[in-house]
Each structure stands twice: as structure tokens, then as C-alpha cells.
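Residue numbers (the working numbering), protein chains in the order written: chain A, 6 to 128; chain B, 6 to 128; chain C, 6 to 128; chain D, 6 to 128. Quick notes on the structure that follows.
Number of protein chains: 4
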Amino acid sequence: MTAEPVEPGRDAHAVLRDRVRRFAEERDWQPFHTPKNLAMALAGEVGELLAEFQWLTPEQSAEVLADPEAGARVRAELGDVMIYLTRLADVLGVDLVEAALTKLDEAAVRYPVEQAKGSAAKR
Amino acid sequence: MTAEPVEPGRDAHAVLRDRVRRFAEERDWQPFHTPKNLAMALAGEVGELLAEFQWLTPEQSAEVLADPEAGARVRAELGDVMIYLTRLADVLGVDLVEAALTKLDEAAVRYPVEQAKGSAAKR
Amino acid sequence: MTAEPVEPGRDAHAVLRDRVRRFAEERDWQPFHTPKNLAMALAGEVGELLAEFQWLTPEQSAEVLADPEAGARVRAELGDVMIYLTRLADVLGVDLVEAALTKLDEAAVRYPVEQAKGSAAKR
Amino acid sequence: MTAEPVEPGRDAHAVLRDRVRRFAEERDWQPFHTPKNLAMALAGEVGELLAEFQWLTPEQSAEVLADPEAGARVRAELGDVMIYLTRLADVLGVDLVEAALTKLDEAAVRYPVEQAKGSAAKR
């Protein structure tokens, strides 16, 4: 199944956020979509994603998309995780991309390139 | 700290993906960024997000952004989760927004509006 | 299905640890049972446990065992989580009950009864 | 810090369960200890455990206890996970060891030794 295309010129993540919101509203699921519940649903989906990688070596994990069946499952799990993360941020009124860019700028200060190069302390 | 702005006309999520990639490459962190490791890092950050909500009632969780300290922590955790999810998808070569839109279209078939309305079976 | 009974006088958790170990060894699964992999498997099972509670109110979650189907699923997920946690500790050579008792003693110092009573800061 | 010893002849896991229960009751934390909240707290602690292993190779993860600092952190996280898992099962009225033994017996039927030997399908 291929996703309905994103209108040209529209920001892809904003389109996703709006479609997820409409999806929930059409089904009257807002009462269930508290941040607490959505954080749990997000964690549950991340658990399914972990299960795809748990017995693979790191090297095998890098090739998982080459296997049609495992690749499709990983792609689907990534989609599920993204849906709940997008919904959680929307319900809280947080701009997800902005929040990530802000954290990235802070990380750049905390891990200057020269000190962080190849170091194992934190990635 | 405010994030460096996204250039007008550029897709915000694509900008984030590219900045996260450059961040890792500048620090030579690619060897650590296997899908297996990144899935674990993603799950670790989701665990920190859960910790923000675990003792709150669902109602309190909906108001968490109103508390400056807890709100800042939640925003930061959402940013961390988004960074690792974006990096994991990038390393696998998966378009995250496309994967989510595809899953949403499938969910629309599986949960038709009329049957799903307000039902507790699945949200 | 009922579990094979624990021999009288034997410590129940030690019996479990030994049976889980034998289960893995009989199937030659030791190469897969690195701490890294087992921690992921543990997290995956915890994700399935979360999924049982995600749309329930806190009050409904307290009654989940009263529903035969949901109750059986929760019991099975608790069993799965305990199996992987026991195996992970065994592979690392950590006494799980001792580690928990030690943390509990530390927590008793950090959260003295009089100050902690009913407080929301940490539970 | 060393844990208060378990009385001879008492089952170690039952001792832990009772001490965790008393710990919560002395602090009037029962209202917060719904299964939903405890499942979240359990998942949060598992996230911290994952973080200890995320950048290690599988081989390095097997040696983590040899590092005094990382070893102490892993031991402490295992203790935290065990505390919340024990409390969750207690609040639900589930015997954790029995639930695990039952699942293990079921797994023995599903993965017969001869077919499962060294196979990657499931461990």
C-alpha cells in the first residue's frame, strides 16, 4: 500500500501531524489520547521495533532492509512509532522538529567536535 | 536555547535528518550508529519520557506543559526521542514520514470510522 | 497449563534461574544470550506488558485480572518479563533478589518514611 | 551497602515481595501504585538498563561487570527493574515465579529441543 501523496509545497511532517489528528478525531479517540496513554503506546511500539533487532548482530541489523519480510516489518514499526510520537507531541502542543533541533544545538555545545571525535563516552 | 531556524521552503523534517546526520559524521560516530544500537538508544530515551508521566493521572499528564520545569523536561525528551528515531530511519534508508503515512492509510482500512467510533478495542 | 512444581525447601527464584539456564543450554542458545541482546528482549516484553495497560484508566488497570482474557495475557507477559530478567541477571552473574534488596535499603535512606509520606516527588 | 540478610529457610523472592510491599505502605504510596503506573515505572527502569548497553558490542556487554563503575550501575538497574516488577505482580496478585515457570513450560512445548537447537527463529 502506498501512502496518499503529500501536496507539493506543504511540509511533510505538518501533513502527517494533521492527518494523525484527523484520524483520531474522526474516530472520537481524543478521550483515550492523553499524553500518559500515548507515551505508553509509543513505548509499546518501540518495544516491537526492538524485537526486530534483538537477536541480530550489529552488522546484521545494518542489512535488515535487504530482507523483504523483516524489512517490511521494520518499516511498519518505524511508521507506528512515528505516528504515536507525532500524536503525543501534537496533543502536548510541542513542535517535534523544533524540539529536536533545539536539543541538537544543545548537544553540539556539550559534545564539541574535537573532543567528541570517535569517543565512546556518549553518541 | 533556540534552534537555528529552518530555511524557508525546505521541508523541516528533511532539515532535521540532514543536521542529525552531519552531527554524527562530524564526530565520527557512524561506527556506533548501527540500527541495533540506535533502536536501543531510542528505547532508552522513550524510557525517560515515560518517567515524566508515570505518577501523573491522565488528567495531570494533559497539563504537564503548564509546569515550566516538567514542561521543559518533556519537551527535551520529545526532542531526544525524535533525534534517535530520525537517525535510525536515516541509517536504514527509510523515509519516516512516508512510513507513517503508509501505516495510517492501512489503519484507516482496518478501523473504519463507523465501527471504530469511541470504541476501546484499539486506538 | 500449570508449571512443574518447585521442590519443597528449594528457593523458588533459584529454581527458576536454573530452569531458564537449562532451557537455553539445551537449545544451544547461549551465543545469542549476550547481556545486550537479553536487555533488548526484556525491553520488548515490557513493551508488550505496557500495551495491555495503555488505554485503561488507572482504576481499570487495577481490575485487569478480573477479565479472564486480559488477565491471562497480563500473567503471561509478567512471566515473559521475569524469564528474560532472570536470564539476564544469571548471564551477568548478578543475584537479582540481592540486587533488589540492596537498592531497597538504599531507597529507605533516600526516602525516609516521615518525609516521603504520600509525597508525589518519587515513589 | 549490603542488603539486610534474608532469614534462613524463607523464600528469597517472597521476602523481597514483602519488603517492597512494606516499603510502599509505610510511605502511603499505594494510591500511586496502580498497575498502569507501575508498568510505566518498570519500563522507565528498563530504559535505564538499556542505556548501559546501547553503545557496547555484544562482546563488551558480556564483560560489563568487570568494570567497577559500569558494573555497579548495571547491578543497581537490575535491582530497580526487579523491585518494580515484583511490586507490579504483587499489586495484581500474580505469583511472578509461578507465572515465569508456566511460560517456560509452554515455551518448551513450542520450541522442542531438537528443532530449536541453535536456530535463529526465536530464543
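Even glycine gets a Cβ: it sits at the ideal position worked out from N, Cα and C.
Span of the alpha helix (DSSP H) around residue i
| i | result |
| --- | --- |
| residue 15 of chain A | Looking at the DSSP string, residue 15 of chain A is not in any alpha helix (DSSP H), and its letter there is neither H nor E. |
| residue 91 of chain A | 73-97 |
| residue 68 of chain B | Element bounds for residue 68 of chain B: n/a, residue is neither H nor E. |
| residue 100 of chain B | Unbroken run through residue 100 of chain B: none, as it is neither H nor E. |
Which of helix, strand or coil DSSP assigns to residue i
| i | result |
| --- | --- |
| residue 59 of chain A | coil |
| residue 124 of chain A | coil |
| residue 36 of chain D | helix |
| residue 23 of chain B | helix |
Proximity test, residue i beta-carbon vs the ligand PLP heavy atom, cut-off 7 Å
| i | result |
| --- | --- |
| residue 66 of chain C | Looking at this structure, you won't find the ligand PLP or any other ligand, since it has none at all. |
Could you list the residues in the stretch 86-110 of chain A with a C-beta less than 8 Å from some C-beta on chain F, going in chain order?
Considering every chain present, this structure includes no chain F. Its protein chains are A, B, C and D.
Check distances from the C-beta atoms of the stretch 50-83 of chain D to those of chain A and list, in chain order, the residues that come in under 8 Å.
Within the stretch 50-83 of chain D, the residues whose Cβ lies closer than 8 Å to some Cβ of chain A are 60, 62 and 63, listed in chain order.
Contact set between the stretch 22-42 of chain A and chain B, restricted to residues whose Cβ is under 9 Å from the partner:
The residues in question are 24, 25, 28, 29, 31, 32, 33, 34, 36, 37, 38, 39, 40, 41 and 42.
When you compare the stretch 64-71 of chain A with the stretch 86-95 of chain A, are there three or more beta-carbon pairs, one atom per stretch, that lie closer than 8 Å?
The stretch 64-71 of chain A vs the stretch 86-95 of chain A: no contact.
Validate contact between the stretch 26-46 of chain B and the stretch 52-63 of chain A using beta carbons, cut 8 Å, 3 pairs
When C-beta atoms of the stretch 26-46 of chain B are compared with those of the stretch 52-63 of chain A, three or more pairs fall below 8 Å, so the two segments count as touching.
Would you check if there are 3 or more beta carbon pairs closer than 8 Å linking the stretch 78-86 of chain A to the stretch 102-109 of chain A?
They do not touch, by the three-pair rule.
Could you check whether the stretch 118-125 of chain B touches the stretch 24-32 of chain A, counting it as contact only if at least three pairs of C-beta atoms, one from each stretch, sit closer than 8 Å?
With a cut-off of 8 Å, the stretch 24-32 of chain A and the stretch 118-125 of chain B count as touching, because enough Cβ pairs lie within range.
Under 8 Å, with one C-beta from each stretch per pair, do the stretch 14-21 of chain B and the stretch 16-27 of chain A reach the 3-pair mark?
Because the criterion of three Cβ pairs below 8 Å is met, the stretch 14-21 of chain B and the stretch 16-27 of chain A touch.
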